[in-house]
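Engineer: Residue numbers (the numbering used here): 1 to 254.
1. According to DSSP, simplified to helix, strand and coil, what is residue 86?
2. Could you check which residue in 165, 33, 81, 57 has the C-alpha nearest to that of residue 108?
3. Between residue 193 and the rest of its own chain, which residues show a CB-CB distance below 6 Å, the 5 nearest in sequence each way excluded?
4. Given that a residue counts as buried once 16 or more other Cβ atoms are within 10 Å of its Cβ, and exposed if not, what is residue 90?
5. Which residues mark the beginning and the end of the alpha helix (DSSP H) in which residue 24 is found?
6. Buried or exposed for residue 9, going by 16 or more other Cβ atoms inside 10 Å?
7. Note down the Cα distance separating residue 66 from residue 119, rounded to an integer number of angstroms.
8. Whole angstroms is fine: what's the gap from residue 152's alpha carbon to residue 75's?
9. Is residue 66 helix, strand or coil when you go by DSSP?
10. Would you check if the segment 239 to 250 and the segment 153 to 173 touch, i.e. whether three or more CB-CB distances between them fall below 8 Å?
11. Can you tell me whether residue 177 is helix, strand or coil according to DSSP?
12. Using DSSP with H/G/I as helix, E/B as strand and the rest coil, what is residue 227?
13. Sorted by chain position, which residues of the same chain lie with C-beta nearer than 6 Å to residue 13's C-beta, five sequence neighbours on each side aside?
14. Mind checking which residues open and close the alpha helix (DSSP H) that includes residue 78?
15. Looking at the secondary structure, which residues open and close the alpha helix (DSSP H) in which residue 122 lies?
What follows is the structure in structure tokens.
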């Protein structure tokens with residue numbers, strides 16, 4: 001395999017993955033659209049409803065955690081590893097496929113399903129028998145203008161992408177039960193950090209009189225530093241786990 005990065009091979013690889021998964025992706029889109037149509041039909045909305053960050057985010061993360069599930073099956077693993085593409089090309093296509101294609105698929109199916117649910121709701125409330133049951137508490141019916149299709153705060157998307165990158169790495173690091181093992185590892189890591197914080201606070205408290213520090217005036221951290229840190233943390237972790245996914249994939253191919 002040539003070491004040179006090839007866009008043509010990446011496109012062929014992406015097309016191959018799409019053809020292999022198009023039936024499954026279509027069923028997934030139909031299920032999500034159906035669920036969101038039911039929500040649009042039954043739920044009375046006043047104000048803003050963020051469609052994107054609901055159950056579809058959980059689906060997105062589950063798909064990230066099962067991205068490399070073929071590695072647990074030797075014939076499928078060999079078929080994937082011997083595909084005519086370099087390790088970097090496979091990693092880039094997988095990351096783009098997960099973070100762009102599935103993101104758009106989930107968002108579009110959610111919006112279309114919810115919109116159809118609203119149309120059906122507006123059609124039902126025309127009938128006098130259903131008007132009292134299908135109208136909102138204020139007596140207003142659903143309308144597309146009452147829904148804000150938004151991803152919310154951009155930081156939410158960044159932190160979701162961070163979790164997706166962690167689950168993506170876990171799906172290739174653990175051959176079986178990748179999602180459960182990844183979540184368990186994250187919980188253990190978080191608990192270890194929590195214990196470390198307690199130990200550090202206890203050690204500092206025993207060495208210094210913390211009550212005397214209340215009289216000290218510490219300078220405020222500039223707001224731009226807080227904002228940069230808030231957005232930089234998920235970006236750094238996301239890039240780190242993407243790189244670790246690439247290294248693990250290269251190690252597996254070797």
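The beta-carbon is built from N, C-alpha and C at its ideal position, and this holds for glycine as well. Since the model is a prediction, treat every value here as computed from it, not as a measurement.
Structural biologist: Checking against the coordinates, here is how it stands:
1. coil
2. 33
3. none
4. buried
5. 7 to 42
6. buried
7. 35 Å
8. Confidence is the limiting factor: at residue 152 the pLDDT is only 49, short of 50, which leaves the residue's position unreliable, though a coordinate-based value still follows. One C-alpha to the other measures close to 42 Å.
9. coil
10. yes
11. coil
12. helix
13. 85, 93
14. 74 to 81
15. 102 to 124
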